[in-house]
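In this note's numbering, the protein residues as written are 195 to 316.
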């Protein structure tokens, strides 16, 4: 399992992914839930709007953030491109927080482990 990082999630399989938009330089936040169907994006928020940062359907203003509930289906794998050109990476917070992809490299895959803790096939 060379190159594999295993991250413990918060109770009930929840985690938050935060980053700074590469063009608008504003914050973006997504809340995720691990379900039997896969990874489900349960809430998203952007700090402002602009190129590629339009709030989703039903977006409303909360404090300094546009917040909405994404309507997509659960996914099996979340892929984060790691160009190293954005000036920062992603901050993933589950039981603890870790920064991912702050330097260029291979894409980062976020996916559930198998039932026995092994990395899933495929």
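No residue lacks a Cβ here, since even glycine has one placed at the ideal position from N, Cα and C.
On a CA-only basis, which of the options is nearest residue i? Give me that one, please.
i, options, result
"residue 270", "228, 238 and 244", "228"
"residue 237", "267, 304, 292 and 302", "267"
"residue 250", "283, 222 and 299", "222"
"residue 213", "303, 305, 306 and 287", "287"
"residue 233", "255, 261 and 206", "206"
"residue 257", "242, 265 and 264", "242"
Under 9 Å, do residue i and residue j count as touching if we go by C-beta distance?
i, j, result
"residue 276", "residue 295", "yes"
"residue 210", "residue 220", "no"
"residue 305", "residue 272", "yes"
Does residue i pass the burial test, meaning 16 or more other C-beta atoms within 10 Å, or should it be called exposed?
i, result
"residue 226", "buried"
"residue 303", "exposed"
"residue 298", "exposed"
"residue 239", "buried"
"residue 284", "buried"
"residue 216", "exposed"
In the DSSP assignment, what are the bridge partners of residue i?
i, result
"residue 234", "227"
"residue 304", "272"
"residue 239", "223 and 261"
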